[in-house]
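Letter 245 of the sequence shown, counting from 1, is numbered 245 in my numbering, and no numbers are missing.
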Amino acid sequence: MRRFPPQAFSVLRPGRSKFSRPLEWVYSSYQHHRVFLARWSTSDGSAATATDKPYYITTPIFYVNAAPHIGHLYTMVLADVLKRWQQIKGKETFFLTGTDEHGMKIQRAAAKQGIPPKEFCDNNSNKFRELAVAGDISYDAFIRTTDLKHKEAVSEFWMQMKHTLPQNLGLYKGTHEGWYAVSDECFYPEDMVRPDIVPQTGKKIMVSDETGSEVEWIKEETWFFPLTRYRDALLKFYDDNPDWITPTHRMAEVRNWVEHHLEDLSITRPASRLGWGIPVPEDHDQTIYVWVDALINYISQAGYGSKWHSSSDSMGIWPADMQVIGKDILRFHAVYWPALLMALDLPPPKRLLCHNHWTMSNRKMSKSLGNVVNPFFAVQRWDIDPLRYFLMRNGSFIKDMSYSNQLIGTVYTKELQANIGNLFYRIARPKVTSKWSTIEAVAAFRDGVFGELPEHTSQQLFASLDGHLEKITPAFSEKMEECNTGGAVREIFNLLRETNRYVTDAEPWNLVRKYDTQSRILLNLTIYNCAEALRIAGILLQPIMPTKASLLLTELGVRVDRRTIEFAFKGRDAEYGTEAKTGDAAARLKKWDTIFPPTPNAHDSDLEVMEQLGSALRDKTKNKMNQIAELLAMEARMGEESVAKMLAEMHAAKSKKLVPAEHL
């Protein structure tokens, strides 16, 4: 490939990039192109980059035609969690997000408000920055397609496509006509549109089968990228990299599109129709297609056009290690993007992660229905870490996900307040205050005191948590490497539920009343095992709940330099713990001072379950958190379904007894 010198295009300004170091956030020719496939196969993960290249992760850049919604926050949080996961493994990282600001939708939306497009973009781009702050998103760069450096990179990409490729593989000019959806900024083939009727007006329209968006017939002069010439190369790439897309079933969709619907790609629009965009170099009557413009952001931020110009240069952080996208933009990233990169002999991203969409109480979110979740309100309502936990817990790559305050309320009460928070206070701040402490328990481990117990004792009840502690980090790590955040969260939940069962069975509050040596050793062994469960869980939860997990670890006395994966194993850290606080043994911990305080929307949690709990467990304890702790212990012993059935039967039986005979 002939390489143009930088001065042949424009004056390019060198950009500066910063990387996030590990735990920084915790510390405050055609044959030529066939050769490409073997050279840049992602299966070996090496490409032509240094092995110590920072882990580069991206979100899609968000379109600024409307305000952010909960789906935008989910995408940001998912990428942020995966970045932070790499960091606690000791990997240097770089995380890119930003906004997509060109195209017909922006032009029309700005005109509707009577303001210049740039002003419209400035206002809405700021909302996405604010969302990133509210979501505790640790991005390293926030790119805008209106940035000068990005526009220069797009211009250079265009010039290389036009002047450096063989005639049959490079750009050509022609006339394009077809069905175009402004809302999707995309042409659709004839076999992918259908007639429809607008319910409110009865107007007959044509819509996309894929998205339901209205399409209009357009005929215009345009520049084409010969996408069909890259069909075989794309299919071979997919064959060589079957796991390139997560989840793997999405690859079948992509292959189907390439095999049956591939057309040459119209990559410009007449400037007379679309003026808000990047002009085509050497042809200012045309504007570069917004999706070509947008996709290039991933390499423009990585230094393309300013620091490097071809694959023979050192490409810095490119290729991306992970690109997080929604299912609605899969084709652009899995078909158009690798084909464009192939054209210039640049490596594709190593992996695409394609997630599903959120619904509101199992109904598709829609402005007309008024059920679009405002992410800023959601953060205010639940606090960001619990919301991040819920989004990662319920996120899915298989089906659309349901969002409701009732769902969040139930998760908050059972899994955060009771399974994590209440467990911590039972172990590290017991009501018996100075009767036991985590620092004494950890010291007993460090001094080898537990070895003094008879072998039969340590292998029974008091060793029943060992297997769970041993497997938690490998199991959690496996789920995170699969990007299965929900599965990873479930592993933590199961560990801490077992810990609640363990402490309930071991009864340290009874052991503390005994004064013989063996009882004291068993007490410390119980507290130590529970503290280890909390410490390991705290380390693993840092990517998901960075603030709350940090607070938990601090409350346990875990040093900042011992919060990485290498320490997330039982017995790996013997230098933590806190003294028990002395004072009135009867004094209650103020609920607003807890790690997971009550929310102002507690009535939105699952009232029926709480009623069943109260009915079944009221005789044992009237404390709400202790009732849920009892529930967790029962679930660990019997299984969730068995407990739910038992509680329902008990509740029904008790309710029946309360009904007078004459009413039956």
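The beta-carbon is built from N, C-alpha and C at its ideal position, and this holds for glycine as well.
Do you know offhand how far residue i's Cα is from residue j's?
i	j	result
P68	L346	32 Å
K335	D573	It is Val, not Lys, that sits at residue 335 in the sequence shown. Between V335 and D573, the C-alpha separation is close to 48 Å.
H150	S300	6 Å
L330	A463	48 Å
I427	R497	14 Å
T473	A568	6 Å
I539	F476	11 Å
I218	P348	32 Å
K435	A506	16 Å
G487	K479	6 Å
M206	G275	25 Å
I106	T504	59 Å
Y139	A339	28 Å
I565	Q406	34 Å
Y425	L96	38 Å
R229	N168	8 Å
L647	E640	11 Å
V449	R501	24 Å
K414	A181	45 Å
I527	H456	19 Å
E220	L295	23 Å
R562	D466	21 Å
A644	L234	50 Å
R535	L553	6 Å
A580	A441	11 Å
D44	V215	Model confidence at D44 stands at a pLDDT of 43, short of 50, so the residue's coordinates are unreliable and nothing is read from them.
D264	G178	12 Å
Q31	W85	Any reading at Q31 must be qualified, since the residue scores a pLDDT of 41, below 50, and its modelled position is unreliable; the value itself is stated next. Rounded to the nearest angstrom, the two C-alpha atoms are 40 Å apart.
A271	V133	36 Å
Around the C-beta of residue i, are 16 or more other C-beta atoms found within 10 angstroms, so that it is buried, or is it exposed?
i	result
E130	exposed
G98	buried
T599	buried
A111	exposed
D100	buried
R273	exposed
P597	exposed
T175	exposed
A66	exposed
N256	exposed
N422	buried
R250	buried
H284	exposed
R351	buried
Y515	exposed
Using only CA atoms, which one of the options lies nearest to residue i?
i	options	result
G409	G395, Y389, I398 and L423	Y389
N374	W158, L341 and F128	F128
E481	L78, K53 and L73	L78
I544	P226, P54, Q87 and T175	Q87
I521	A443, V489 and P546	A443
P386	L344, V512 and I420	I420
R446	F397, T287, G303 and E532	E532
I439	L556, P508, K53 and W337	L556
N484	A441, G395 and P116	G395
W291	S314, D313, G303 and I267	I267
H72	F493, N356, F224 and A418	N356
L631	T499, L511 and I317	T499
T93	H333, A302 and H260	A302
D383	K548, R231, Q113 and W179	K548
T58	V81, P199, D52 and D313	V81
T287	H102, W179 and K236	H102
V258	K173, L227, C354 and A134	L227
Q380	I70, Y63 and D52	I70
L353	I398, R393 and L341	I398
With respect to 7 Å, is the separation between the Cβ of residue i and the closest non-hydrogen atom of the ligand GTP below this value?
i	result
K105	By its list of ligands, the structure shown contains no ligand whatsoever, and the ligand GTP lies outside what it can speak to.
* Asked: Do three or more CB pairs link the segment 205-218 to the segment 178-190 at distances below 8 Å?
  -> In short, these stretches touch, since the Cβ pair count reaches three.
* When the Cβ atoms of the segment 302-316 are set against those of the segment 151-168, are three or more pairs found closer than 8 Å? -> Three or more Cβ pairs closer than 8 Å define a contact, and the segment 302-316 meets that threshold against the segment 151-168.
* Contact between the segment 317-326 and the segment 132-147: three or more CB pairs below 8 Å? -> Segments in contact, no.
* Whole runs of the beta strand (DSSP E) within the segment 204-258, excluding any shorter than 3 residues -> Entirely contained in the segment 204-258, the beta strand (DSSP E) runs reaching 3 residues are, in chain order, 204-208 and 214-225.
* Asked: At which residue ranges does the segment 511-536 contain complete alpha helix (DSSP H) runs of 4 or more residues, listed in the order of the chain?
  -> Listed in chain order, there is nothing to give.
* To do: Pick out the complete beta strand (DSSP E) segments inside the segment 99-186, 3 residues or longer, and give them in chain order.
  => Here the runs fully enclosed are 141-144 and 172-181.
* beta strand (DSSP E) segments (min. 3 residues) lying fully within the segment 272-305 -> DSSP assignment within the segment 272-305 yields the following whole beta strand (DSSP E) runs of 3 residues or more, N-terminal first: 283-288.
* Any chance you could list the alpha helix (DSSP H) runs of at least 4 consecutive residues sitting entirely within the segment 420-507, in chain order? => Unbroken alpha helix (DSSP H) runs of no fewer than 4 residues, entirely contained in the segment 420-507, are found at 423-428, 438-446, 455-458, 466-481 and 485-506, following chain order.
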